[in-house]
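Going down the list, the sequences are from chains A and B. Quick note on my numbering: the first sequence kicks off at 35 and runs consecutively. Quick note on my numbering: the second sequence kicks off at 35 and runs consecutively. Even glycine gets a Cβ: it sits at the ideal position worked out from N, Cα and C. Owing to the predicted nature of the structure, the values given are computational and were not obtained by experimental measurement.
There are 2 protein chains.
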Amino acid sequence: MITVEEAQEIIFAKIKTIDSSEIDIQDALGRVLSEDVFSERAIPPWANSAMDGYAVRSEDIKNATKGNPVELKVIERIQAGVKAKSVLREGEAIRIMTGAPMPQGADAIVLQEETEESDSGVVKIYLSVESGESVRVAGEDVEIGDLVVSKGTKLTPPAIGMLANIGMDSCSVYNKPRVAILATGEELVDLKEIPDEGQIFNSNSYALAAQVEEAGGEAILLGIAKDNTEDLVKGIKRGMSADILITSGGVSVGDFDLVKDTLQDLGNEINFWRVRMKPGKPMAFGMLGGNPFFGLPGNPVSTMVSFELFVRPSLLKMQGLKNIFRAKVNATLKGELLKSPERRHYIRAVTTFNENQWESTPLEVQGSNILHSMVKSNSLVLFPEYETKLEDAQTVEVILLDDPNINNN
Amino acid sequence: MITVEEAQEIIFAKIKTIDSSEIDIQDALGRVLSEDVFSERAIPPWANSAMDGYAVRSEDIKNATKGNPVELKVIERIQAGVKAKSVLREGEAIRIMTGAPMPQGADAIVLQEETEESDSGVVKIYLSVESGESVRVAGEDVEIGDLVVSKGTKLTPPAIGMLANIGMDSCSVYNKPRVAILATGEELVDLKEIPDEGQIFNSNSYALAAQVEEAGGEAILLGIAKDNTEDLVKGIKRGMSADILITSGGVSVGDFDLVKDTLQDLGNEINFWRVRMKPGKPMAFGMLGGNPFFGLPGNPVSTMVSFELFVRPSLLKMQGLKNIFRAKVNATLKGELLKSPERRHYIRAVTTFNENQWESTPLEVQGSNILHSMVKSNSLVLFPEYETKLEDAQTVEVILLDDPNINNN
């Protein structure tokens, strides 16, 4: 049986970056930029006032003090958005608002608070300032040709603000991978139905769809295929037009696990069937009609953990992200854990950051059918393949699945 | 001038939880549940097999060993989804697949690997098992009446899986707050236009819209109001039908800052106009037509930081979340910082978790017009009101704005 890392290596080698499209920046939050964006403009485009005050020639006021103010003639008043008509000459000032372009001839701004203007259009300057004082120079945020947002960046609010800042109303992003999801199992009924005895609701499709969406993909629910070849072939064929096809269930060794045979009949080159992990040992990966196929196990926890380790990073890689893995931290284990050797266990745990360390408390119930263990945890403690005991208070490796609970202090 | 905490207290006292709606669970990722969800069903609904194998009476095989197997007659074969027709009696076994209901009379499962079935319908059992072995009892994941997801929970993939698990195809969530955004300023032009000298692109509306969306709201862009009362009144009136109205710019003390007068004419009860912080000192909050109004400053960094501190937690509170603040950590400062006293500074920084500590490196350029400082940072270092110096390597408080960069190790 191959390890998780071996399985990941096989999978990620087959995952290619998806095509990209031009979209409106208003739709771009969370999408991944597919090209470097260089600015064709300087920001600000021209020197401008950083404050409300008076544009002056610093030379004119070099001796100004509170006791001995310099008087200047106010020749014009400009707000942001307006260029001064006048050129400033000796003995003159222009009333200026924040963001307005520096008038020709002026080289500094005196803040309003350091001045007093009379009704007769003369302003007293109470403070000398250096040349360049309170002036924002052209290009101090962005220079022409600057790389403002790089290819492979997940677009955050500041990045979108920056695109608007340089005048872009659209940008090129990687497409959302379309992920077809097929649940398999004779025991499954859909949410609107009433289960008979022996039947349960199909929950995997909905959990997987949310995982796909959270990873930036678009889920296509194919419903349920019962445990017969006809149903499976029909479902799988429908899913082959998507960028990725996921099934849940039917990849174990049971008498009724038909997915394997069906896939092989359809020409799927299966790379492996089992991974040395728990939950989630039964797990298939291959290429089907040129696209990746993931045969995930049927138990709800196994399905979600397998998605986390194999499908989520694949979706991020398709979207051009460089960092495709969740954050991993070293944490102090709260409590003891025991297992038999051979498989690596992924233990559902609550991990918090307290003062100066991460702490992980495993949930009591860890069965692969216990979905509430996923709801209540925010992390997975790694219990290595051949270890049989993890001691209370020892350091363990932990994958953070969700926002870490960092205690405000 | 009031402090950030005083301003937050005034604001959050006015923020009420928004109405809720019933939505499909497929649309519920990231939404906040507006009612406790209790299960009307047990999960699993009935005892079932945890493994592929044989359902037996443990009493029948208590002496079974590899050398001295017990032979049982295989009377039926059942897969998941199917209830056995037979009742198991002494000397009998039922072939059973994972998830299939336990047959009447059976009390344990022997794994397939510990058995050998002959063509004549007899199975040799090589291992004795305890009563209950490999049996999942009814309700071991969820019992009838269990609180499975609580009111105020942000719906994650496992929570959505859990709703499906108990058969819910829709759930009640808080509405997305509709946030109207009005940019003000004579200097602004929209993205499709060509700016004249003195004009710049309206970037604040797009950055704010992305911040609104990231906080679970729905942005309504009202475009640009020029610096005249008519334009402002028109824009503000259009925004009054939203749940929240945000303006950017026009709340400073400049000659052309008309927002203040306009709002007062429209009956806005303004609670304050300035906050002891940088970037972002000019900042208005009040109630307008019964809804919160935020007058944010016009500089792009000031706008975004003010949104972070005041609007984002308001949106989260409206959506019924309990924890409305970003994570705050103590970090080691890399480099020295200086400022004048009086205002608290929020220093844009890159914060990472390395080995066992958080480290924050401030960006070099911190001007409130330098939008690239927001793009390149992931956190805000707090430089307290009356401090004038933060030493290299000292411990500082840091707000994490984005995924913290936790170094995989």
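query                                                                                                           : result
Cβ of residue 190 of chain A within 8 Å of any chain B Cβ                                                       : yes
Contacts of residue 203 of chain A in chain E (Cβ-Cβ under 7 Å)                                                 : Included in the structure are the protein chains A and B, with no chain E among them.
Contact list for residue 417 of chain A against chain B, beta-carbon separation under 7 Å                       : Those within 7 Å of residue 417 of chain A in chain B number zero; the least Cβ separation is about 18 Å.
Three-state class that DSSP yields for residue 194 of chain A in the structure shown                            : helix
From A:36, A:46, A:297, residue whose alpha carbon lies closest to that of residue 354 of chain A               : A:46
Length of the line joining the Cα atoms of residue 181 of chain B and residue 196 of chain B                    : 11 Å
Cα-Cα separation between residue 48 of chain A and residue 276 of chain A, rounded to whole angstroms           : 16 Å
Helix, strand or coil at residue 178 of chain A [DSSP, three-state]                                             : coil
Top-ranked residue by Cα proximity to residue 242 of chain A, from A:145, A:342, A:79, A:105                    : A:342
Among B:188, B:393, B:238, nearest to residue 357 of chain B - alpha-carbon criterion                           : B:188
Which residues DSSP lists as bridging residue 159 of chain B, in chain order                                    : B:104, B:149
For residue 169 of chain B and residue 87 of chain B, believed in contact at Cβ under 8 Å, the rounded distance : Between residue 169 of chain B and residue 87 of chain B the Cβ distance is about 11 Å, and since that is not below 8 Å, they are no contact.
Within 8 Å of chain A by C-beta, residues of the segment 350–380 of chain B in sequence order                   : 359, 361, 362, 363, 364
Chain B residues whose Cβ lies nearer than 9 Å to that of residue 71 of chain A                                 : Within 9 Å Cβ-Cβ: nothing; residue 71 of chain A doesn't reach chain B, min ~11 Å.
CA-to-CA distance, residue 221 of chain A to residue 152 of chain B, given in whole angstroms                   : 28 Å
Cβ-based burial, residue 174 of chain B [other Cβ within 10 Å; buried from 16]                                  : buried
Status (buried if at least 16 other CB within 10 Å, exposed otherwise) for residue 453 of chain B               : The structure shown does not extend to residue 453 of chain B, since chain B is modelled only from 35 to 443, so the question has no answer here.
Residue 116 of chain A at chain B interface by Cβ criterion, 8 Å                                                : yes
Cβ pair residue 293 of chain B, residue 218 of chain B closer than 8 Å                                          : yes
For residue 171 of chain B and residue 131 of chain B, the rounded distance between their alpha carbons         : 15 Å
Contacts that residue 235 of chain B makes with chain A (C-beta to C-beta distance below 8 Å)                   : 198, 199, 200, 201
Assigned secondary structure, residue 443 of chain B (DSSP; H/G/I helix, E/B strand, else coil)                 : Bear in mind that the predicted position of residue 443 of chain B carries a pLDDT of just 35, short of 50, making it unreliable; the figure below should be weighed with that in mind. If DSSP states are grouped into helix, strand and coil, residue 443 of chain B belongs with coil.
Any C-beta of chain B under 8 Å from that of residue 170 of chain A                                             : yes
Within 8 Å, strictly: CB atoms of residue 134 of chain B and residue 167 of chain B                             : no
is_contact[residue 133 of chain A, chain B] using C-beta, thresh 8 Å                                            : yes
Residue 40 of chain A in three-state terms, based on DSSP                                                       : helix
Contact under 8 Å by Cβ, residue 332 of chain B with residue 269 of chain B                                     : no
Distance between residue 304 of chain A and residue 311 of chain A (C-alpha atoms, nearest Å)                   : 19 Å
Within chain A, partners of residue 176 of chain B - CB distance below 7 Å                                      : 406
is_contact[residue 244 of chain A, chain B] using C-beta, thresh 8 Å                                            : yes
Local Cβ density within 10 Å of residue 19 of chain A, reported as buried at 16 or more and exposed below that  : Missing from the structure shown is residue 19 of chain A; chain A here goes from 35 to 443 and no further.
Span of the alpha helix (DSSP H), counted from its first residue to its last, around residue 382 of chain B     : That residue, residue 382 of chain B, is in no alpha helix (DSSP H); its beta strand (DSSP E) goes 378–388.
CB contact check: residue 347 of chain B to chain A, cutoff 8 Å                                                 : no
Three-state secondary structure assigned by DSSP to residue 79 of chain A                                       : coil
Whole-Å CB distance - residue 434 of chain A paired with residue 412 of chain A, under 8 Å assumed              : 7 Å
C-beta neighbour in chain B for residue 113 of chain A, strict 8 Å                                              : yes
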